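Undergrad: First the structure, which I've put down as structure tokens, then a few questions once you've had a look.
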Amino acid sequence: MSAEFNDIIVPVDGSENSLRAARFASDLAKAMGSKMTLVYVFTTRSGGNFDFLRITHPEEEDIEQLKKEAARKIFDKTYQALGGKEGEIKEESLSGDPATEIIQYLEKYPSSITVMGRRGLSRFEALLLGSVSEKVVRHATGPVTIIH
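Residues 1 to 148 (the UniProt record's numbering) make up the sequence shown, in order.
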């Protein structure tokens with residue numbers, strides 16, 4: 001790998017596949033001397049993250065707080081899977097359609113490598129909505145590694 005890749009971007013959603021991707025990316029970052037960025041996308045489709053937080057009808061003014069809480073839970077779960085926060089790890093929280101937000105984020109960092117899990121959604125949701133990882137692979141401008 002070239003030294004021009006100075007950041008490893010890891011979209012995380014708390015799924016086992018995203019945790020595996022984070023572990024792989026952490027090892028890669030250590031080997032390359034790169035920093036790592038965890039990217040979490042808050043989405044409200046079909047109740048989405050509100051179900052995760054056990055809230056069914058949030059008030060408008062509470063949504064920002066809910067986003068922060070959801071991101072914190074996912075980042076903490078990721079650090080737990082990594083055995084703690086080691087090295088230089090940045091956190092980014094976005095809102096919207098996961099594939100679209102991840103692709104737009106990656107466009108801002110052309111000298112990065114993306115490492116992500118193969119599937120975060122249930123198989124049924126992936127069938128209806130399409131795979132986020134598939135969309136990212138098709139539209140990303142830089143290298144993407146998918147972890148199974």
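The C-beta atom is built at its ideal place from N, Cα and C for all residues, glycine as well. Note that the structure is a prediction, hence the values are computed from the model and not measured.
Is it the case that the region 76-89 contacts the region 98-112, given that we only count it when at least three CB pairs across the two stretches are under 8 Å?
TA: Segments in contact, no.
Undergrad: Write down the C-beta distance between residue 136 and residue 144 rounded to the nearest angstrom, noting that I regard them as a contact closer than 8 Å.
TA: As a position in the sequence shown, residue 136 is number 136, starting the count at 1. As a position in the sequence shown, residue 144 is number 144, starting the count at 1. Rounded, the Cβ-Cβ distance is 6 Å, consistent with contact.
Undergrad: When the Cα atoms are used, what is the spatial distance from residue 38 to residue 119?
TA: As a working note, residue 38 is residue 38 in the sequence shown. As a working note, residue 119 is residue 119 in the sequence shown. Each residue's Cα considered, the two are about 16 Å apart.
Undergrad: Establish whether the CB of residue 89 and some CB of chain C are separated by less than 8 Å.
TA: Looking at the structure shown, chain C is missing, and only one protein chain is on hand.
Undergrad: State the DSSP-derived secondary structure class of residue 18, mapped to helix, strand or coil.
TA: Locating residue 18 in the sequence shown gives position 18, where the first residue counts as 1. Three-state DSSP puts residue 18 in a helix.
Undergrad: So, with DSSP's three-state summary, where would you put residue 133?
TA: If you number the sequence shown from 1, residue 133 lands on position 133. Note: residue 133 maps to helix in three-state DSSP.
Undergrad: Just the C-alpha distance for residue 147 and residue 25, rounded to the nearest angstrom, thanks.
TA: Here residue 147 is taken as the residue at index 147 of the sequence shown, counted from 1. Here residue 25 is taken as the residue at index 25 of the sequence shown, counted from 1. Residue 147 and residue 25: Cα-Cα distance of roughly 10 Å.
Undergrad: Which residues mark the beginning and the end of the alpha helix (DSSP H) in which residue 75 is found?
TA: If you number the sequence shown from 1, residue 75 lands on position 75. Unbroken alpha helix (DSSP H) run through residue 75: 63-82.
Undergrad: Does residue 35 come out as helix, strand or coil in the three-state DSSP assignment?
TA: Position 35 of the sequence shown, counted from the start, is the residue given in the question as residue 35. Reduced to three states, the DSSP call for residue 35 is strand.
Undergrad: Mapping DSSP to helix, strand and coil, what is residue 24?
TA: Stepping through the sequence shown from its first residue, residue 24 is reached at position 24. Here residue 24 sits in helix by DSSP.
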